[in-house]
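Numbering (the working numbering), first residue to last: 1 to 144.
Quick reminder that beta carbons are idealized off the backbone N, C-alpha and C, glycines included.
Everything numeric in this text was worked out from a predicted model, so none of it was measured.
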Ligand SMILES: [Ca+2]
Ligand SMILES: [Ca+2]
């Protein structure tokens, strides 16, 4: 059943979901559901819930990088994204630490929780060294 659900989740902050879920199938009894109820419903499907959370956090991360670029009067080209990465790599270590990612996310939305930022890093840190290197960063944007 879950495969038939088209969901439109807009996370203003990840704790407060402010949208509805609409089912695309006529035979489905679930036509409309508040986002918070949808998350409760998803408790029965932990893998799908984790996948959704991961997708939403990655989307928020991309949004934060693009917001930074936009604020600095740049666009969304490879060079612009590279520049954003370099600017957020405050200690010039070549990767983004949890703290640096936190600053990036909070520049866009100060309400994003530390827990969600830590979870985001867990999802995007492919080699699991606790930092986001440039290769992983490029993979997120899929434009390099
Ligand atoms: Ca760094
Ligand atoms: Ca890493």
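Quick check: the Cα distance between residue 132 and residue 64, rounded to an integer number of angstroms? The residue labelled residue 132 in the question sits at position 132 within the chain shown. The residue labelled residue 64 in the question sits at position 64 within the chain shown. Those two C-alpha atoms are separated by around 15 Å.
To the nearest angstrom, how far is it from the Cα of residue 73 to the Cα of residue 108? Looking up residue 73 in the chain shown gives position 73. Looking up residue 108 in the chain shown gives position 108. C-alpha separation (whole angstroms): 15 Å.
Requested in this report: Would you check whether ligand 2 has a heavy atom nearer than 7 Å to the C-beta of residue 132?
Outcome: Locating residue 132 in the chain shown gives position 132, counting from the first residue. Yes; taking the cut-off as 7 Å, the Cβ of residue 132 has a heavy atom of ligand 2 nearer than that.
Point to revise | Separation of residue 137 from residue 124, as counted between CA atoms | key: Position 124 of the chain shown, counting from 1, holds the residue named residue 124. Position 137 of the chain shown, counting from 1, holds the residue named residue 137. If you take the alpha carbons of residue 124 and residue 137, they lie about 8 Å apart.
Quiz item: Three-state secondary structure (DSSP) at residue 133?
Solution: Residue 133 sits at position 133 when you count from the first residue of the chain shown. Strand.
Legend entry - Cut-off 6 Å between Cβ atoms - residues of its own chain near residue 84, not counting five sequence neighbours on either side: Along the chain shown, read from residue 1 onward, the residue named residue 84 stands at position 84. Once the five neighbours on either side are set aside, the close Cβ partners of residue 84 are 65, 68 and 69.
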